[in-house]
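The next block holds one structure in the form of structure tokens; read it before the comments.
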Amino acid sequence: MKRVPSKRAGSTRTMSISVDATTEEVLRTFAKRHFGGNVSALVTAMAKELRRKEALAWLLASSGVPRLDAEQTQALLAEIDGRSDGSKKVA
Numbered sequence: 459m460k461r462v463p464s465k466r467a468g469s470t471r472t473m474s475i476s477v478d479a480t481t482e483e484v485l486r487t488f489a490k491r492h493f494g495g496n497v498s499a500l501v502t503a504m505a506k507e508l509r510r511k512e513a514l515a516w517l518l519a520s521s522g523v524p525r526l527d528a529e530q531t532q533a534l535l536a537e538i539d540g541r542s543d544g545s546k547k548v549a
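Residue numbers (my numbering): 459 to 549.
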């Protein structure tokens, strides 16, 4: 599923990160495949997913549910997304 974002929404900020060559290649390849080569859009999608997971963790903790492990989190998010197979949703 390719999703190429149009123009940026609102104002943006520039930041600099340092990664090893392998990580850079993984990010650029994934961005090329799913975001029209836009690494910034990939990072934005990753941050959105992190916020989603943190919100879920907060909701469960505030309800007295112990923190889920990675597998349980993926299964619950799959159920919320309407995917019974537990497959990951690609941004």
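Ideal Cβ positions, reconstructed from N, Cα and C, are used throughout, including at glycine.
8 Å Cβ cutoff met for alanine 519 and arginine 510:
In this structure, alanine 519 lies away from arginine 510, with their beta-carbon atoms at least 8 Å apart.
Residue of Val497, Val501 and Gln530 minimising C-alpha distance to leucine 514:
Gln530
Leucine 526 (DSSP reduced to helix, strand or coil):
coil
So, helix, strand or coil for valine 501, using DSSP?
helix
Within 7 Å: the Cβ of valine 501 and any heavy atom of the ligand NAD?
Only the bare structure without any ligand can be found here, which leaves the ligand NAD out of the picture.
Can alanine 489 and asparagine 496 be called in contact, C-beta distance under 8 Å?
yes
Relative to the alpha-carbon of threonine 502, which residue among Leu517, Gly468, Ser521 and Leu535 has its alpha-carbon at the smallest distance?
Gly468
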